[in-house]
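J.: Have a look at the structure that comes next, please.
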Amino acid sequence: MESRSSHDLEEVRRRSDLVQIVSAHTSLRRSGARLVGLCPFHEDKTASFFVNPQKQLWHCFGCKAGGDVFNFVEKTENLTFIEAARWLAQKAGMTLREASPEKRTQRNALAEINRAAAGFFKGRLRSNEGSAARAYLAQRKITDESMAAFDIGYAPGGWEQLFTYLRGQGFSAGDIAASGLCLPKQKGPGYYDRFRSRIMFPVCNAEGAVIGFGGRVLPGDEPGDSPKYMNSPETPLFRKGQALFALNLARKPMQQEGSAIVVEGYFDCIACHEAGLKQAVATMGTALTSDQARLLRRHVERAKLAFDADSAGFAATLRSAAMFESAGLSAEVVVMPAGKDPDNFIHEDGAEAFQKAVDQAITIMECRLRLLEEQHGGKDERSRQALLRESVRAIAELSDAIEQERWVHWLAERHAAHSKERAAVVEDAIWKQLHSRPAARKASGGPPAAKPERSDQIAARLQAEGQVLWALLSNDEIARKWLGRMRPQLFSDEANLQVFTALCGLAEEGLAVAVDVVRGRCAQAGAQRIVELAVLESADDEGELGRLIERLEDWEGGQLVQRVADEVIRGGLADPLPPEMEEMEQKKRRLSKRIGEGSAGKLPR
Ligand SMILES: [Zn+2]
13 MESRSSHDLE EVRRRSDLVQ IVSAHTSLRR SGARLVGLCP FHEDKTASFF VNPQKQLWHC
73 FGCKAGGDVF NFVEKTENLT FIEAARWLAQ KAGMTLREAS PEKRTQRNAL AEINRAAAGF
133 FKGRLRSNEG SAARAYLAQR KITDESMAAF DIGYAPGGWE QLFTYLRGQG FSAGDIAASG
193 LCLPKQKGPG YYDRFRSRIM FPVCNAEGAV IGFGGRVLPG DEPGDSPKYM NSPETPLFRK
253 GQALFALNLA RKPMQQEGSA IVVEGYFDCI ACHEAGLKQA VATMGTALTS DQARLLRRHV
313 ERAKLAFDAD SAGFAATLRS AAMFESAGLS AEVVVMPAGK DPDNFIHEDG AEAFQKAVDQ
373 AITIMECRLR LLEEQHGGKD ERSRQALLRE SVRAIAELSD AIEQERWVHW LAERHAAHSK
433 ERAAVVEDAI WKQLHSRPAA RKASGGPPAA KPERSDQIAA RLQAEGQVLW ALLSNDEIAR
493 KWLGRMRPQL FSDEANLQVF TALCGLAEEG LAVAVDVVRG RCAQAGAQRI VELAVLESAD
553 DEGELGRLIE RLEDWEGGQL VQRVADEVIR GGLADPLPPE MEEMEQKKRR LSKRIGEGSA
613 GKLPR
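For the record, in the sequence shown the residue sitting at position 380 is 392 according to this note's numbering, with numbers rising by one throughout.
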């Protein structure tokens with residue numbers, strides 16, 4: 013086998029920009045000399061993912077993944093090292109000297125087949141065969157610009173046009189079948205096209221590579237058993253629940269706008285873009301999945317849902333909104349006139365009306381209370397009381413007292429408007445009902461899920477440990493000053509502890525802190541990465557370091573309290589209090605003081 017020269021790989025590394033490649037998967041913000049964002053590889057809510065742009069390295073404190081640009085591409089694109097190198101080389105406009113050029117991996121072949129198919133469909137739309145499709149698109153008010161921007165195409169009728177075309181391009185029948193675009197014939201040999209007489213919408217990943225297709229049948233062309241919309245089947249490239257239509261186009265606009273608009277259909281999405289709301293993506297006609305919510309969360313923090321405005325749509329919207337919130341996205345609901353979707357709303361009432369509805373998107377709670385109003389539509393006293401009861405139950409589930417107050421007020425005003433009672437009286441009555449329901453609140457789960465909060469806290473702690481280490485690594489003088497005051501117990505993570513121990517070793521031996529030496533003393537790859545991510549900063553912010561260390565002490569203090577409490581429960585504490593106990597008393601005092609000040613909240617940023 014001819015060896016691929018390491019020179020080539022170094023050239024690929026040199027020409028690849030880790031920050032740019034990572035940015036397609038998660039939005040990064042600056043934090044000192046590093047960049048930080050939500051990790052694309054685990055359910056991250058605390059931004060545990062760090063990139064050092066100078067050294068082109070990344071590390072996640074949450075799932076402990078990390079490495080260089082090759083590792084990142086391996087993980088995100090699910091490739092082997094060599095495939096990742098080839099992928100990066102292609103991006104950088106280089107060709108790697110291949111061991112066997114004709115041996116393409118199936119994934120690469122699928123990507124190329126999709127690209128070729130998209131080109132084929134586009135060509136057909138412009139051909140004579142595409143005239144009915146063009147007429148339909150014109151009727152749906154799709155402009156030429158949109159057709160180009162979204163790469164809209166047409167899959168012609170007949171059974172083998174695409175298959176024949178792709179074979180002619182040199183793709184193997186096996187790879188073509190694996191792409192899901194063609195299927196083996198049920199009788200006899202050969203393959204037939206999955207999409208026929210359909211308008212084709214390519215679905216891309218965040219970077220714009222075609223990973224699958226959605227096809228809409230032409231009106232009048234609908235054979236009885238054929239669905240109106242059809243998507244590519246699941247392939248190694250395409251998992252419908254993990255893709256969002258137009259994400260590649262909406263990625264930058266949604267970051268600029270600070271929020272995304274989420275719609276259901278292809279036409280809804282295109283109509284939004286035409287109306288100037290280019291931060292819109294579509295779920296491709298199905299219920300939103302948690303994977304899609306997570307995918308979106310990597311790019312933006314807020315989402316506005318513009319789903320169909322009937323009751324069923326409202327209920328679906330609420331479910332999707334809950335999914336967004338558990339992915340760490342704040343969700344709002346765009347209220348549209350009954351029976352409308354964004355596509356016909358924009359075309360009938362105008363872009364401005366839709367823009368206004370987007371601007372006035374309501375919160376999930378309001379959406380929930382409005383849905384209740386719809387369900388308890390009666391105007392008589394009994395249905396009004398039932399509505400009030402149900403609404404109070406919804407408000408009782410809020411864990412935030414200020415939010416509760418807000419909604420009690422809202423509900424009282426609304427209720428008073430439809431009855432003879434005064435709002436203030438209703439408000440009093442609501443509070444009485446709320447306070448009489450502590451049991452109900454517990455039964456419904458109380459403040460939502462304590463578990464993810466805990467894992468958030470663990471992630472925040474690991475990150476704080478890393479930041480302390482970085483501060484120590486960045487400045488010899490500061491390291492010397494602080495190392496003596498810190499105890500190994502402050503570090504809850506093996507990799508972090510290894511870095512700390514190496515630092516202490518240097519200090520004891522009277523050696524200066526040098527990143528290379530510290531790295532050499534760390535055996536774990538994770539520990540080595542943390543060291544490598546350190547950057548020389550003008551570490552003038554010693555106050556910040558002090559606060560972080562105090563934070564670690566608090567966490568450790570909390571653990572200590574728990575340990576001693578466990579001992580006491582087991583009845584195992586000996587008469588003379590262990591030295592830990594005295595220390596614990598001090599920590600407990602400081603802890604309760606801090607908790608009293610309400611400072612046990614977020615990490616300083
Ligand atoms: Zn992670």
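Glycine residues also receive a C-beta, built at the ideal position from the N, C-alpha and C atoms.
Every value quoted in this text rests on a predicted model; they were computed, and no experiment measured them.
For ligand 1, any of its heavy atoms closer than 7 angstroms to the Cβ of Phe61?
T.: Sequence index remark: in the sequence shown, residue 61 carries index 49 (1-based). True, at least one ligand heavy atom lies under 7 angstroms from that Cβ.
J.: Going by the C-beta, is Gly49 closer than 7 angstroms to any heavy atom of ligand 1?
T.: Residue numbering aside, residue 49 sits at position 37 when the sequence shown is read from its first letter. Taking non-hydrogen atoms of ligand 1 into account, the C-beta of Gly49 is found less than 7 angstroms away from none of them.
J.: Round the Cβ separation of Pro168 and Ser143 to the nearest angstrom and send it over; I've been treating them as touching at under 8 angstroms.
T.: The sequence position of residue 168 within the sequence shown is 156, counting from 1. The sequence position of residue 143 within the sequence shown is 131, counting from 1. The pair is not a contact, with the Cβ atoms about 11 angstroms apart (cut-off 8 angstroms).
J.: Note down the Cα distance separating Ala327 from Ala339, rounded to an integer number of angstroms.
T.: As a position in the sequence shown, residue 327 is number 315, starting the count at 1. As a position in the sequence shown, residue 339 is number 327, starting the count at 1. Straight-line Cα distance between these residues: approximately 19 angstroms.
J.: What is the DSSP secondary structure of Asn64, counted as helix, strand or coil?
T.: As a position in the sequence shown, residue 64 is number 52, starting the count at 1. In the structure shown, Asn64 sits in a strand (DSSP, three-state: E or B).
J.: Mind checking Pro354: buried by the 16 CB within 10 Å criterion, or exposed?
T.: Here residue 354 refers to the residue found at position 342 when the sequence shown is read from its first residue. The residue in question, Pro354, is buried, as its Cβ has 16 or more Cβ neighbours within 10 Å.
J.: Quick one: what does DSSP say Gly517 is sitting in, helix, strand or coil?
T.: As a working note, residue 517 is residue 505 in the sequence shown. Gly517 falls in the helix class under three-state DSSP.
J.: Which residues mark the beginning and the end of the alpha helix (DSSP H) in which Trp171 is found?
T.: For the purposes of this step, residue 171 is identified with residue 159 of the sequence shown, where counting begins at 1. Here Trp171 belongs to no alpha helix (DSSP H), and DSSP marks it neither H nor E.
J.: State the Cα-Cα distance for the pair Glu141 and Trp171, rounded to the nearest angstrom.
T.: Here residue 141 refers to the residue found at position 129 of the sequence shown. Here residue 171 refers to the residue found at position 159 of the sequence shown. CA-to-CA, the gap between Glu141 and Trp171 works out to about 14 angstroms.
J.: Is any heavy atom of ligand 1 found at a distance shorter than 7 angstroms from the C-beta of Ala77?
T.: Taking the sequence shown and counting its residues from 1, one reaches residue 77 at position 65. Yes.
J.: Is Phe53 near ligand 1, in the sense that its beta carbon is under 7 angstroms from a heavy atom of that ligand?
T.: In the sequence shown, residue 53 corresponds to position 41, counting from 1. Checking the Cβ of Phe53 against ligand 1 gives yes.
J.: Would you mind listing the alpha helix (DSSP H) stretches within the stretch 357-419 that are 4+ residues and don't spill past its ends, in chain order?
T.: 363-371, 376-387 and 393-408
J.: Taking buried to mean at least 16 other C-beta atoms within 10 Å of its own C-beta, is Pro616 buried or exposed?
T.: Counting from one through the sequence shown, the residue named residue 616 turns up at place 604. Residue confidence for Pro616 is low, a pLDDT of 38 falling below 50, so the modelled location carries little weight and cannot support an answer.
J.: Report the partner residues of Tyr204 according to the DSSP bridge assignment.
T.: Here residue 204 refers to the residue found at position 192 when the sequence shown is read from its first residue. Answer is Leu195, bridged to Tyr204.
J.: Closer than 6 angstroms by C-beta to Asp320: which residues in its own chain qualify, once you throw out the five before and the five after it? Chain order, please.
T.: Working through the sequence shown from its first residue, we reach residue 320 at position 308. The answer, listed in chain order, is Asp353.
J.: Could you check whether the Cβ of Asp56 sits closer than 7 angstroms to any heavy atom belonging to ligand 1?
T.: As a position in the sequence shown, residue 56 is number 44, starting the count at 1. Asp56 Cβ: within cutoff of ligand 1.
J.: Report all residues from its chain with a CB closer than 8 angstroms to the CB of Ser342; omit the five preceding and five following residues, and keep chain order.
T.: Taking the first residue of the sequence shown as 1, we reach residue 342 at position 330. Here the set comprises Glu313, Arg314, Ala315 and Phe336.
J.: Contact defined as beta carbons within less than 8 angstroms: I believe His311 pairs with Gln268. What is the distance between those atoms, to the nearest angstrom?
T.: Here the question's residue 311 lines up with position 299 in the sequence shown. Here the question's residue 268 lines up with position 256 in the sequence shown. No, His311 and Gln268 are not in contact; Cβ-Cβ is about 11 angstroms, not under 8 angstroms.
J.: Using 10 angstroms around the beta-carbon of Lys290, count the other beta-carbons present and answer buried if the total reaches 16, otherwise exposed.
T.: Sequence index remark: in the sequence shown, residue 290 carries index 278 (1-based). Buried, since its Cβ has 16 or more Cβ neighbours within 10 Å.
J.: So, helix, strand or coil for Ala272, using DSSP?
T.: Numbered from 1 along the sequence shown, position 260 holds the residue referred to as residue 272. Ala272: strand per DSSP, three-state reduction.
J.: Pairing CB atoms from the stretch 499-513 with CB atoms from the stretch 477-487, are three or more of them under 8 angstroms?
T.: yes
J.: Indicate, with yes or no, if ligand 1 has a heavy atom lying under 7 angstroms from the CB of Gly570.
T.: Looking up residue 570 in the sequence shown gives position 558. For Gly570, the Cβ stays outside the 7 angstroms cut-off from all heavy atoms of ligand 1.
J.: Smallest Cα separation from Leu560: which of Asp488, Ala539 and Leu474?
T.: Within the sequence shown, the letter at position 548 stands for residue 560. Of the candidates Asp488, Ala539 and Leu474, the one whose C-alpha sits nearest the C-alpha of Leu560 is Leu474.
J.: Does Arg26 pass the burial test, meaning 16 or more other C-beta atoms within 10 Å, or should it be called exposed?
T.: For the purposes of this step, residue 26 is taken as residue 14 along the sequence shown, with counting starting at 1. Counting the other Cβ atoms within 10 Å of the Cβ of Arg26 gives fewer than 16, which makes it exposed.
J.: Would Asp280 and Ala294 qualify as a contact pair, given that the criterion is a beta-carbon distance under 8 angstroms?
T.: One-based indexing of the sequence shown puts residue 280 at position 268. One-based indexing of the sequence shown puts residue 294 at position 282. In contact: Asp280 and Ala294 (Cβ atoms closer than 8 angstroms).
J.: For Arg46 versus Phe62, is the C-beta distance shorter than 8 angstroms?
T.: Stepping through the sequence shown from its first residue, residue 46 is reached at position 34. Stepping through the sequence shown from its first residue, residue 62 is reached at position 50. A distance below 8 angstroms separates the beta carbons of Arg46 and Phe62.
J.: In angstroms, rounded to a whole number, what distance separates the CA positions of Arg306 and Pro231?
T.: For this step, residue 306 is matched to residue 294 along the sequence shown. For this step, residue 231 is matched to residue 219 along the sequence shown. Here the alpha carbons of Pro231 and Arg306 stand approximately 35 angstroms from one another.
J.: Opposite His71 in the DSSP bridges: which residues?
T.: The residue labelled residue 71 in the question sits at position 59 within the sequence shown. For His71, which the question treats as bridged, DSSP gives the partners Phe62 and Gly78.
J.: If we count the other Cβ atoms within 10 Å of its Cβ and call it buried at 16 or more, is Phe437 buried or exposed?
T.: Here residue 437 corresponds to residue number 425 of the sequence shown, with the count starting at 1. One detail in the question is off: residue 437 reads as Val in this sequence, not Phe. A residue is called buried once 16 or more other Cβ atoms fall within 10 Å of its Cβ, and Val437, having fewer, is exposed.
J.: Excluding sequence positions up to five away, which residues of its chain have a Cβ less than 6 angstroms from the Cβ of Pro245?
T.: Against the sequence shown, residue 245 aligns to sequence position 233. Cβ neighbours of Pro245 beyond the five flanking positions: Gly192.
J.: Examine ligand 1 and report whether any of its heavy atoms sits within less than 7 angstroms of the Cβ of Gly186.
T.: By one-based count along the sequence shown, residue 186 stands at place 174. No, since every heavy atom of ligand 1 falls outside the 7 angstroms radius drawn around the Cβ of Gly186.
J.: State the Cα-Cα distance for the pair Val346 and Pro52, rounded to the nearest angstrom.
T.: The residue labelled residue 346 in the question sits at position 334 within the sequence shown. The residue labelled residue 52 in the question sits at position 40 within the sequence shown. If I take the Cα positions, the gap works out to 28 angstroms.
J.: If Tyr691 and Phe133 are in contact, beta carbons under 8 angstroms, what's the gap, nearest whole angstrom?
T.: The chain is shown only over 13 to 617; residue 691 falls outside these bounds and no answer can be derived.
J.: Any chance the stretch 71-90 sits against the stretch 31-38, with 3 or more Cβ pairs inside 8 angstroms?
T.: yes
J.: Quick one: does the C-beta of Gly340 sit closer than 7 angstroms to a heavy atom of ligand 1?
T.: For the purposes of this step, residue 340 is taken as the residue at position 328 of the sequence shown. No, Cβ of Gly340 sits at least 7 angstroms from all heavy atoms of ligand 1.
J.: Where Asp392 and His430 are concerned, what is the direct C-alpha to C-alpha distance, given to the nearest angstrom?
T.: Numbered from its first residue, the sequence shown carries residue 392 at position 380. Numbered from its first residue, the sequence shown carries residue 430 at position 418. Their backbone Cα atoms lie some 10 angstroms apart in a straight line.
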